[in-house]
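Structure, as structure tokens:
Protein chains: 4
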Amino acid sequence: MTSKLKSIEYGKARVRVAKIERHEDRHEFREFTVAVRLAGPFENCYLTGDNSMVVPTDTMKNTVYAIAAQTSLAPAERYAIKLGQHFLDTHAHVTGVDMDIVEHRWDRLDPFTFEQGQSRRLAFVQMTRDGVAVQAGIDNLVVLKTTKSSFAGYLKDKYTTLKETSDRILGTSVRAVWNYDSTDLDFEATMASCRKIMIDVFTAHDSLAVQQTIYAMGDAVLQAHPQIGEIRITLPNKHYLPVNLEVLGLENKNEIFMPTDEPHGLIEACITR
Amino acid sequence: MTSKLKSIEYGKARVRVAKIERHEDRHEFREFTVAVRLAGPFENCYLTGDNSMVVPTDTMKNTVYAIAAQTSLAPAERYAIKLGQHFLDTHAHVTGVDMDIVEHRWDRLDPFTFEQGQSRRLAFVQMTRDGVAVQAGIDNLVVLKTTKSSFAGYLKDKYTTLKETSDRILGTSVRAVWNYDSTDLDFEATMASCRKIMIDVFTAHDSLAVQQTIYAMGDAVLQAHPQIGEIRITLPNKHYLPVNLEVLGLENKNEIFMPTDEPHGLIEACITR
Amino acid sequence: MTSKLKSIEYGKARVRVAKIERHEDRHEFREFTVAVRLAGPFENCYLTGDNSMVVPTDTMKNTVYAIAAQTSLAPAERYAIKLGQHFLDTHAHVTGVDMDIVEHRWDRLDPFTFEQGQSRRLAFVQMTRDGVAVQAGIDNLVVLKTTKSSFAGYLKDKYTTLKETSDRILGTSVRAVWNYDSTDLDFEATMASCRKIMIDVFTAHDSLAVQQTIYAMGDAVLQAHPQIGEIRITLPNKHYLPVNLEVLGLENKNEIFMPTDEPHGLIEACITR
Amino acid sequence: MTSKLKSIEYGKARVRVAKIERHEDRHEFREFTVAVRLAGPFENCYLTGDNSMVVPTDTMKNTVYAIAAQTSLAPAERYAIKLGQHFLDTHAHVTGVDMDIVEHRWDRLDPFTFEQGQSRRLAFVQMTRDGVAVQAGIDNLVVLKTTKSSFAGYLKDKYTTLKETSDRILGTSVRAVWNYDSTDLDFEATMASCRKIMIDVFTAHDSLAVQQTIYAMGDAVLQAHPQIGEIRITLPNKHYLPVNLEVLGLENKNEIFMPTDEPHGLIEACITR
Chain A
1 MTSKLKSIEY GKARVRVAKI ERHEDRHEFR EFTVAVRLAG PFENCYLTGD
51 NSMVVPTDTM KNTVYAIAAQ TSLAPAERYA IKLGQHFLDT HAHVTGVDMD
101 IVEHRWDRLD PFTFEQGQSR RLAFVQMTRD GVAVQAGIDN LVVLKTTKSS
151 FAGYLKDKYT TLKETSDRIL GTSVRAVWNY DSTDLDFEAT MASCRKIMID
201 VFTAHDSLAV QQTIYAMGDA VLQAHPQIGE IRITLPNKHY LPVNLEVLGL
251 ENKNEIFMPT DEPHGLIEAC ITR
Chain B
1001 MTSKLKSIEY GKARVRVAKI ERHEDRHEFR EFTVAVRLAG PFENCYLTGD
1051 NSMVVPTDTM KNTVYAIAAQ TSLAPAERYA IKLGQHFLDT HAHVTGVDMD
1101 IVEHRWDRLD PFTFEQGQSR RLAFVQMTRD GVAVQAGIDN LVVLKTTKSS
1151 FAGYLKDKYT TLKETSDRIL GTSVRAVWNY DSTDLDFEAT MASCRKIMID
1201 VFTAHDSLAV QQTIYAMGDA VLQAHPQIGE IRITLPNKHY LPVNLEVLGL
1251 ENKNEIFMPT DEPHGLIEAC ITR
Chain C
2001 MTSKLKSIEY GKARVRVAKI ERHEDRHEFR EFTVAVRLAG PFENCYLTGD
2051 NSMVVPTDTM KNTVYAIAAQ TSLAPAERYA IKLGQHFLDT HAHVTGVDMD
2101 IVEHRWDRLD PFTFEQGQSR RLAFVQMTRD GVAVQAGIDN LVVLKTTKSS
2151 FAGYLKDKYT TLKETSDRIL GTSVRAVWNY DSTDLDFEAT MASCRKIMID
2201 VFTAHDSLAV QQTIYAMGDA VLQAHPQIGE IRITLPNKHY LPVNLEVLGL
2251 ENKNEIFMPT DEPHGLIEAC ITR
Chain D
3001 MTSKLKSIEY GKARVRVAKI ERHEDRHEFR EFTVAVRLAG PFENCYLTGD
3051 NSMVVPTDTM KNTVYAIAAQ TSLAPAERYA IKLGQHFLDT HAHVTGVDMD
3101 IVEHRWDRLD PFTFEQGQSR RLAFVQMTRD GVAVQAGIDN LVVLKTTKSS
3151 FAGYLKDKYT TLKETSDRIL GTSVRAVWNY DSTDLDFEAT MASCRKIMID
3201 VFTAHDSLAV QQTIYAMGDA VLQAHPQIGE IRITLPNKHY LPVNLEVLGL
3251 ENKNEIFMPT DEPHGLIEAC ITR
């Protein structure tokens, strides 16, 4: 046994929890999928199977429910902070807690009924005994525009066959994650605002490249929200390929497309102040 | 070679097509995943590899695009009828054409931008030289209510452990498929109406069982739309299990739930006049 | 309330169960995903919410485990028969029980260790008070051959662009379901034999069309197993498209392919005696 | 426009390529899903939409096929190095190329026929003008042992309900990625050896915790292969929960389990010399 541990991760993933908050005239409903990881002196478990310092991942799961019973799930960021604080308070040897929350978006249909949307809200909270770092985000926001997107003037080499276009479909599934400089803010309102800003820029932007759209979206978020230090946006270019109708004796007036999932362009940037 | 062919199926599945219809002030955008199957005297292909009667499935794919270029994709039912008619007109030996269309719902954000929803619209068209049968439907409409759902008074046997409840979460993913008695109707308006009726009944219904909710939803659709002969509704009971917090020293005031995908109740009915 | 119930389905899906059978020198391990549906006079549940005849689907789930504790999971067919018999014996008003079992294939690595394969074994058992019908099958058996597959001599129309080929890749995911004329047979040995026969025919067959390969596979199974009355085989044609390298200044000597999942050919037949 | 670019990523993901190598007596067949990303001075594309330095991701896709036509796909690592070298040679402004390859495992059934397995081989190659870094790995290797796994002696707190066990099922889906100190080695033989070592240790190890099994697996790989500098292994603990049969009036002699996908334990380590 001469090998060393360079790094370790241990925790519980895909813990699902939902909570109803009952008001006279309406119910609030939240649903999360949570992952929790603990940092601390757990090396001996790897090296010798000594579990004496190990909080079982089953206990982490139970704790997700126990804290949910004692605090609101809204906003996810504050729930996560309470969850992390519990582990730091309970176990003196735990040095850090990481929590990843995927919130399944339920849109209200009436005071007691909800429809699930496709997009997800994200919250990532990292706590140590020195402080807390909070990130929030959006995932799987599938949007598409049928105009104001071109791609031309690019570099050609001997394997380039792509035709330049001044008018293509731009379809993507937005993933954006941003960090907060403090926790003294309205997480829900900021989330809603960031989502709206990104959709508005996506819609309005005269895109010369997906890259340019990413920057424009991120820049707008940073302009609007001084408490956000940086934002990472990923826009897979989910191609809608114009179908070659000439071989069928027909003309494609830039109207008929074949949607594809693979391959796709992978375009990402982290934008900061 | 003594075995016989009892039945055969051949066609192309998962053909993806999208179309922009450009108007001055807005674009219309539709996206389908199409399956096409042909019926006819194709037995020799199976028995001897004689392909002389076989329309290649690649040609079916091309035809999906060719017809899309020559007609609107809206509504899916009329597009499918034109697609089927093409095969019947072109190939005298083809006796029938089946088309299944899954329409990916794109909700308008602005005149040229769309967000993809989670639910799908369905159209099933079966054409022969004698006529056409049209079915429409909705799939993956994920809804949930936090009240007005109970389950009690059921039969107990020695393996029953379920507790009766007068107030549970009812979460499901609606799939509904109905048939039309004629093609002389507004498919889009009827689809929107059926969707609204089913959601309204789901919301308002005081549910004693998922089965009862299915019947109420189907009955309401049939009452409202005389041109619909029958409707099949499937409501998987996607359980939100109350978490046992007593073992954690806490009380669950019917607030904290564990969402699950498996197992789930499978509840379905075909409702007719 | 004037609508009628044409048909109803109710049951529990995706019940997962595994069992270890411990022998001195080795363990046997089986894992199933089970669905159970009951037939009987359950209409009032739909019509009025009267649950008095309803065996809760939660009880069905419990029963899957209870019967697993009292009998072997091997073979799946016999387990299913015992499960169905339990419901018929326990509930006089139940007229039929349908069970669908997907068996996750675990291949032995040593006496106590297993690796999961990609293919699945299927068992479908339908019981009434008059008798039992048993089907068995294989699913998700992904195979591919790099020779002995051609496709030519097919019908051309104005939308045909496919090139004839005397040597293409044939890749597919086999699904086959067959019925047994009796239950007096060795289900495990027959399953293994059918699997081997189908793979052997797939391998050896000089295929002029996927359709022809299906018939050859099914015919061989029927020849070998008189207790099988019919077999339904589905072979999606998962295309490996030759890449056009000419536009890149290169030649494709039928060597470089783009694997695709969509669209795919959908080829199926039910073969009988 | 005051925001800055902290980092950028651009490339093509999910490019699928397969190649047949034809020998007299057998064919070799390989299938990859490839991602390519380029590093270089691409900031202006984000900032101003200036595409003049941008190699289109469509060209990257074409290049995957072009290089496949000119070299073997085996081993993936050498193919990736040639692919990366092409971009560095062709485009003077490109400073780095990252390639991720997922190889779909096809097991030979006969000289010309293959069955797809569930596990995947991984290759990650990062090239700059200063050198190349190669990582290899295995993913989705789903294994399970029915003995020699316990979990006891762990820390209890007020939310701990897990029972200690001296004999549980250990089921997991192995993901392991290791780095090579040089490229002067037999990648295929090393891959096969690492796979065998990890399975052998998983099988033989008397596991006191999943963590301990990870370390043992990684340590064994490092002992056997001096050219491997470090290895990261992830073993999700895919729980097989003993079913409570007492409430059904039965005894569970550690035989009947409910397999679950969520939640699962997430156990990982990076092991180094």
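Which chain is which? The protein sequence lines are A, B, C and D, in order.
According to this note's numbering, the first sequence is numbered sequentially starting from 1.
According to this note's numbering, the second sequence is numbered sequentially starting from 1001.
According to this note's numbering, the third sequence is numbered sequentially starting from 2001.
According to this note's numbering, the fourth sequence is numbered sequentially starting from 3001.
A virtual CB, placed ideally from N, CA and C, is assigned to each residue, including glycine.
Item to complete: Have a look at D:R3105, D:K3004 and D:M3060 and flag the residue whose alpha-carbon is nearest the alpha-carbon of Q3085 of chain D.
Response: The residue labelled residue 3085 of chain D in the question sits at position 85 within the fourth sequence. Of the candidates D:R3105, D:K3004 and D:M3060, the one whose C-alpha sits nearest the C-alpha of Q3085 of chain D is D:M3060.
Worksheet item: Since E1024 of chain B sits in a beta bridge, which residues does DSSP pair it with?
Response: The residue you call residue 1024 of chain B lines up with position 24 of the second sequence. Its beta-bridge partners do not exist; DSSP assigns none.
Worksheet item: Is any beta-carbon of chain C found at less than 8 Å from that of K163 of chain A?
Response: Translated into positions along the first sequence, residue 163 of chain A becomes position 163. False, the Cβ-Cβ gap to chain C never drops below 8 Å.
Practice prompt. Could you work out which residue in D:A3039, D:E3043 and D:T3033 is closest to L3005 of chain D when comparing CA atoms only?
Written response: On the fourth sequence, position 5 is the one that residue 3005 of chain D refers to. Residue D:E3043 is the option with its Cα nearest to L3005 of chain D.
Worksheet item: If you pair each beta-carbon of the region 168 to 178 of chain A with each one of the region 197 to 215 of chain A, do three or more pairs fall below 8 Å?
Response: yes
Worksheet item: Is it right to say E246 of chain A is buried, meaning 16 or more other beta carbons lie within 10 angstroms of its own, or is it exposed?
Response: Along the first sequence, one-based indexing puts residue 246 of chain A at 246. The residue is exposed, with fewer than 16 neighbouring Cβ atoms inside 10 Å.
Item to complete: Specify, as a first and last residue, the run of the alpha helix (DSSP H) that D1058 of chain B falls within.
Response: Residue mapping note: residue 1058 of chain B aligns to position 58 of the second sequence, counting from 1. Run containing D1058 of chain B: T1057 to Q1070, per the alpha helix (DSSP H) assignment.
Worksheet item: So which of B:T1090, B:D1186, B:R1030 and B:V1064 has the shortest CA-CA distance to R1120 of chain B?
Response: As a first step, residue 1120 of chain B is located in the second sequence; it is residue number 120 there, counting from the start. Distance check between R1120 of chain B and each of B:T1090, B:D1186, B:R1030 and B:V1064 places B:R1030 closest, using alpha-carbon atoms only.
Worksheet entry | Neighbour flag for L2208 of chain C against chain D, beta carbons, 8 Å | On the third sequence, residue 2208 of chain C is found 208 positions in, with the first residue counted as 1. Output row for L2208 of chain C: interface = no.
Worksheet item: Under the criterion of a Cβ to heavy atom distance below 7 Å, does K2082 of chain C qualify as lining the ligand COA?
Response: The ligand content of the structure shown is nil, which means the ligand COA is not present either.
Fill in: Where E3255 of chain D meets chain C, residues with beta-carbon distance less than 8 Å
Within the fourth sequence, residue 3255 of chain D is the residue found at index 255, counting from 1. Under the 8 Å cutoff, chain C gives K2019, I2020, E2021, R2022 and A2069.
Worksheet item: Beta-carbon of G171 of chain A versus every beta-carbon of chain C: anything under 8 Å?
Response: Here residue 171 of chain A refers to the residue found at position 171 of the first sequence. No, no contact with chain C.
Discussion item. Helix, strand or coil for Q3116 of chain D? Go by DSSP, reduced to three states.
Written reply: Here residue 3116 of chain D refers to the residue found at position 116 when the fourth sequence is read from its first residue. The three-state reading of DSSP puts Q3116 of chain D in strand, counting E and B together.
Worksheet item: What is the rounded straight-line gap between the Cα of G2117 of chain C and the Cα of G3117 of chain D?
Response: Indexing the third sequence from 1 puts residue 2117 of chain C at position 117. Indexing the fourth sequence from 1 puts residue 3117 of chain D at position 117. Their backbone Cα atoms lie some 6 Å apart in a straight line.
Fill in: Simplified DSSP state of Q1227 of chain B, which is helix, strand or coil
As a first step, residue 1227 of chain B must be located in the second sequence, where it is residue number 227. Here Q1227 of chain B sits in coil by DSSP.
Worksheet item: In or out: P1236 of chain B buried (at least 16 other Cβ within 10 Å) or exposed?
Response: Here residue 1236 of chain B is taken as the residue at index 236 of the second sequence, counted from 1. Buried, since its Cβ has 16 or more Cβ neighbours within 10 Å.
Practice prompt. Could you name the residues of chain D that K1158 of chain B contacts, counting a contact when the two beta carbons are closer than 7 Å?
Written response: Sequence index remark: in the second sequence, residue 1158 of chain B carries index 158 (1-based). Chain-ordered, the chain D residues with CB closer than 7 Å to the CB of K1158 of chain B read G3249.
Worksheet item: CB S1072 of chain B to CB E1021 of chain B, shorter than 8 Å?
Response: Residue mapping note: residue 1072 of chain B aligns to position 72 of the second sequence, counting from 1. Residue mapping note: residue 1021 of chain B aligns to position 21 of the second sequence, counting from 1. Closer than 8 Å, so yes.
Item to complete: Consult DSSP for V2243 of chain C and reduce its assignment to one of helix, strand or coil.
Response: Stepping through the third sequence from its first residue, residue 2243 of chain C is reached at position 243. In this structure, V2243 of chain C counts as coil in the three-state DSSP scheme.
Discussion item. So, at 6 Å on beta carbons, what are the nonlocal neighbours of E2028 of chain C in its own chain, with the 5 sequence-adjacent residues on each side left out?
Written reply: Stepping through the third sequence from its first residue, residue 2028 of chain C is reached at position 28. Closer than 6 Å at Cβ, skipping near neighbours: E2021.
Fill in: Short CB-CB distance (under 8 Å) between H2104 of chain C and chain B
Counted from its first residue, the third sequence places residue 2104 of chain C at position 104. So, not an interface residue.
Discussion item. Below 7 Å on C-beta distance, what does L285 of chain A contact in chain D?
Written reply: Residue 285 of chain A is absent from the structure shown; chain A starts at 1 and stops at 273.
Item to complete: Starting from I3305 of chain D, trace the beta strand (DSSP E) both ways and give me its first and last residue.
Response: The structure shown does not extend to residue 3305 of chain D, since chain D is modelled only from 3001 through 3273, so no value can be given for it.
Worksheet item: For S2017 of chain C, which of helix, strand or coil comes out of DSSP?
Response: Here residue 2017 of chain C refers to the residue found at position 17 of the third sequence. Going by the sequence as given, residue 2017 of chain C is Val instead of Ser. Here V2017 of chain C sits in strand by DSSP.
Discussion item. Counting only Cβ pairs nearer than 8 Å, list the residues of chain B close to A216 of chain A.
Written reply: The sequence position of residue 216 of chain A within the first sequence is 216, counting from 1. Those do not exist, as A216 of chain A stays about 14 Å from chain B at its closest Cβ, beyond 8 Å.
Worksheet item: Which residue comes first and which comes last in the alpha helix (DSSP H) that contains F202 of chain A?
Response: Locating residue 202 of chain A in the first sequence gives position 202, where the first residue counts as 1. Note, F202 of chain A: alpha helix (DSSP H), F187 to A204.
Item to complete: State whether the region 3122 to 3133 of chain D contacts the region 3223 to 3231 of chain D, with contact taken as three or more CB pairs (one from each stretch) at a distance under 8 Å.
Response: no
Worksheet entry | G2249 of chain C, DSSP secondary structure in three states | In the third sequence, counting from the first residue as 1, residue 2249 of chain C sits at position 249. Looking at G2249 of chain C - three-state DSSP - the assignment turns out to be coil, as it is neither helix nor strand.
Discussion item. Pop quiz: L248 of chain A and A1066 of chain B are said to be a contact at Cβ under 8 Å. What is the actual Cβ separation, rounded to whole angstroms?
Written reply: Residue 248 of chain A sits at position 248 when you count from the first residue of the first sequence. Residue 1066 of chain B sits at position 66 when you count from the first residue of the second sequence. L248 of chain A to A1066 of chain B, Cβ: 5 Å. Contact.
Worksheet item: Unbroken alpha helix (DSSP H) runs of length 4 or more, entirely within the region 1072 to 1116 of chain B: which are they?
Response: 1076 to 1090
Practice prompt. Could you check the C-alpha separation between L2162 of chain C and K1012 of chain B for me, to the nearest Å?
Written response: As a working mapping, residue 2162 of chain C is identified with position 162 in the third sequence. As a working mapping, residue 1012 of chain B is identified with position 12 in the second sequence. Roughly 14 Å separates the two Cα atoms.
Discussion item. Strictly under 8 Å for the Cβ-Cβ distance: is Q1116 of chain B near chain A by that measure?
Written reply: Numbered from its first residue, the second sequence carries residue 1116 of chain B at position 116. It does: the Cβ of Q1116 of chain B has a partner Cβ on chain A nearer than 8 Å.
Worksheet item: Could one say the Cβ of N3051 of chain D lies closer than 8 Å to chain A's Cβ atoms, at least one of them?
Response: Position 51 of the fourth sequence, counted from the start, is the residue given in the question as residue 3051 of chain D. It does; some Cβ of chain A falls within 8 Å.
Fill in: Minimum C-alpha distance to G2137 of chain C - residue among C:K2158, C:P2041, C:T2160 and C:I2231
By 1-based counting over the third sequence, the position of residue 2137 of chain C is 137. Minimum Cα distance to G2137 of chain C is reached at C:I2231.
Discussion item. With a threshold of 8 Å between beta-carbons, can R3016 of chain D be considered close to chain C, or not?
Written reply: Position 16 of the fourth sequence, counted from the first residue, corresponds to residue 3016 of chain D. Yes - at least one Cβ of chain C is within 8 Å of the one on R3016 of chain D.
Discussion item. What residue range does the alpha helix (DSSP H) around T2048 of chain C cover?
Written reply: By one-based count along the third sequence, residue 2048 of chain C stands at place 48. It spans E2043 to T2048 - the alpha helix (DSSP H) in which T2048 of chain C sits, taken as one unbroken run.
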